[in-house]
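These notes are about the structure you will find just below.
Protein chains: 2
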Amino acid sequence: MAKRKDLTTTSLAMLGLLALRPWTTYELAQQMERSLRNFWPRARSKLYEEPKHLVAHGLAVARREQVGRRPRTVYAITPAGREALREWLRRPGAPPALEYEAILKVFLADQGTKDDLLAQIRHIRAWAEAEQLRGQAFLREYATTGGPFPGRLGIIALMVSFLTRIDDGIHEWAAWAEEEVSRWPDVHAAPDKQLFQRLLEKSERHVAAD
Amino acid sequence: MAKRKDLTTTSLAMLGLLALRPWTTYELAQQMERSLRNFWPRARSKLYEEPKHLVAHGLAVARREQVGRRPRTVYAITPAGREALREWLRRPGAPPALEYEAILKVFLADQGTKDDLLAQIRHIRAWAEAEQLRGQAFLREYATTGGPFPGRLGIIALMVSFLTRIDDGIHEWAAWAEEEVSRWPDVHAAPDKQLFQRLLEKSERHVAAD
DNA sequence: TGCATTATCCTCCCAATGGGAATATCGCTA
DNA sequence: TAGCGATATTCCCATTGGGAGGATAATGCA
């Protein structure tokens, strides 16, 4: 089983976790849910197959254990696995792909009512606020405990900063959009004449400023 | 054919395009690539099946035409289709799902070298800059031509604003991260003691400020 | 006029994925 | 001691991604 098939990004993601310490498949699946979900979301059911591919490629080894009568499998990375991971890290990663149904509904909002649009924007905003709170809880935990991998604190800081920037961006947009749309007479409102020109100039300033 | 199966978000997205005007499947597929790719990316090959489901559900009608000897199919929305669309727009959309391999590599960067990490960040930054230029080209076009659907200008403005905010966020993060990492002795650098505390306070100010 | 791209207009296929259901044991608490 | 949530997986199927294939029409340019 788990013979064919090349390694996918998901395989390498799990290999990356194994580089930190050995895990059971269950723990691995949990980690994927907890931290990687935000930038590499994968269905839980698939996660149990990946380590088998890693073993088939000689990048990890499996050790079967027993907890009472229940079996479990602990995976650990091999030297070949570390090398494969390093090689993969050297290559540039794929650009982002965003899937956002709520924003799709904003895009098509001229087929509904102004109230629907406002509700959708408020919904987006509420989601962003909830995410911000989640992020703060995470930061509080790290500020007090230091987290389980002290050598990774710098990188964790990069990641937290990235994710909060996205959430903040969505939140700011939603706050602005709510304000903007609430001034429209209806969803077909023409924005004022020079809006696109102004957005363009803003973007040019923004890009020039770096 | 195309009997079973409930309507997916992709079906509704195409129905939304049909609400603007009739299109051939080819044009529909193009529109999905051009504008929806940014927030609802779908494989090209699937896009030819969706309108058939819409027809099967009575939400669109197909008209077969000939261009010389080559047949084509033009789809148009039905009143039932408009109603289904309005109903769908009333319901809150799913939260965002982001898939970003390059950021995943940042997350695992402590298994590689500092140079790999810096290269990855620069790569991300270059991508963001290219996107900003694409956004500006789009804005320039709209600022001069007004675009094909004048009644949608307000909504287009919301969308452009959203997408540039995301790109700007990624770009700002990459610029900051490059600067930050370049000061580290290596990828395991511990950030300075109070960094998480400071990030937390920044986030709290940010959220409080709205 | 002829020729070579490029655009239009699809269909088919397979491996991979999402998402849920199913199963069973462990360990704690009421 | 019964029940419940956490641990620890497997299986399945409809849907998707991604690429290959193939035909005609319109165009640009030599």
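Heads up: the sequence lines are chains A and B, in that order. Residue numbers for the first sequence follow our numbering, beginning at 7 and rising by one. Residue numbers for the second sequence follow our numbering, beginning at 7 and rising by one. Beta carbons are placed, not taken as given, at the ideal position from N, Cα and C, and that holds for glycine. None of the values given here were measured: they were computed from a predicted structure.
Residue environment, residue i, which counts as buried when at least 16 other CB atoms sit within 10 Å
i	result
B/M20	buried
B/T16	buried
B/G175	buried
A/D122	buried
B/S188	exposed
B/F155	exposed
B/G152	exposed
B/D192	exposed
A/L65	buried
B/L34	buried
A/K111	buried
A/L24	buried
Residue interval of the alpha helix (DSSP H) (run including residue i)
i	result
B/E55	From DSSP, B/E55 is part of no alpha helix (DSSP H); its letter is neither H nor E.
B/Q36	31-40
A/V166	159-188
A/A2	With chain A covering only 7 through 216, there is no way to say anything about residue 2 of chain A.
B/L18	15-24
Alpha-carbon spacing of residue i relative to residue j, whole angstroms
i	j	result
A/E185	A/V166	28 Å
A/P47	B/G74	47 Å
B/A8	B/H59	Any reading at B/A8 is ruled out, since the residue's pLDDT is 49, under 50, leaving its predicted position unreliable.
A/S51	A/R78	16 Å
A/E93	B/I161	44 Å
B/I109	A/L26	18 Å
B/A90	B/G22	10 Å
A/E56	A/L13	9 Å
B/A82	B/R70	11 Å
B/A86	A/F113	20 Å
A/G157	A/T31	23 Å
B/P197	A/A196	48 Å
B/Q72	B/A134	43 Å
B/R146	B/T119	41 Å
B/Y54	B/Q117	43 Å
A/M38	A/L206	39 Å
B/E178	B/P28	40 Å
B/Q138	B/L95	29 Å
A/I172	B/W182	14 Å
B/S209	B/P102	20 Å
A/R76	A/A49	24 Å
A/V61	A/Q36	20 Å
A/R40	A/A143	13 Å
A/H194	B/V67	26 Å
A/R88	A/L18	10 Å
A/L3	A/V80	With chain A represented from 7 up to 216, any question about residue 3 of chain A goes unanswered, as that position is not in the structure.
A/A159	A/L42	One detail in the question is off: residue 159 of chain A reads as Leu in this sequence, not Ala. Rounded to the nearest angstrom, the two C-alpha atoms are 16 Å apart.
B/T84	B/H63	10 Å
Residue range of the beta strand (DSSP E) that includes residue i
i	result
B/V80	76-83
B/V67	66-73
B/L104	103-105
Residue i and residue j closer than 8 Å at C-beta
i	j	result
A/L201	B/N44	no
A/A132	B/E107	no
A/L169	A/G141	yes
B/H212	A/P98	no
B/Q203	A/A180	no
B/Q126	B/A136	no
>> Tell me which residues of the segment 38-62 of chain A have at least one Cβ-Cβ distance to chain B shorter than 8 Å, keeping chain order.
In response: S41, L42, N44, F45, W46, P47
> Got a sec: which bits of the segment 72-89 of chain B sit with their beta carbon under 9 Å from any beta carbon on chain A, in order along the chain?
Replying inline: R88
> Which residues, taken in chain order from the segment 12-24 of chain A, show a beta carbon closer than 7 Å to some beta carbon of chain B?
Replying inline: T15, A19, G22
> Quick one, which residues of the segment 95-114 of chain B are near chain A if we go by CB-CB under 7 Å, in chain order?
Replying inline: L95, R96, P98, G99, A100, P101, P102, A103, L104, E105, Y106, E107, A108, I109, L110, K111, V112, F113, L114
>> At a CB distance below 8 Å, what residues from the segment 168-193 of chain A approach chain B? Give them in sequence order.
In response: F168, T170, R171, I172, D174, G175, I176, H177, E178, W179, A181, W182, A183, E186, V187, W190, V193
> Residues in the segment 137-151 of chain B with C-beta within 7 Å of chain A's C-beta atoms, listed in sequence order?
Replying inline: Q138, G141, Q142, L145, R146, Y148, A149
> Taking Cβ-Cβ distances below 7 Å as the criterion, which residues of the segment 113-130 of chain B are in contact with chain A?
Replying inline: F113, L114, A115, D116, Q117, G118, D122, Q126, H129
>> Can you pull out the residues from the segment 196-208 of chain A whose beta carbon lies closer than 7 Å to at least one beta carbon of chain B?
In response: A196, P197, L201, F202, Q203, L205, L206
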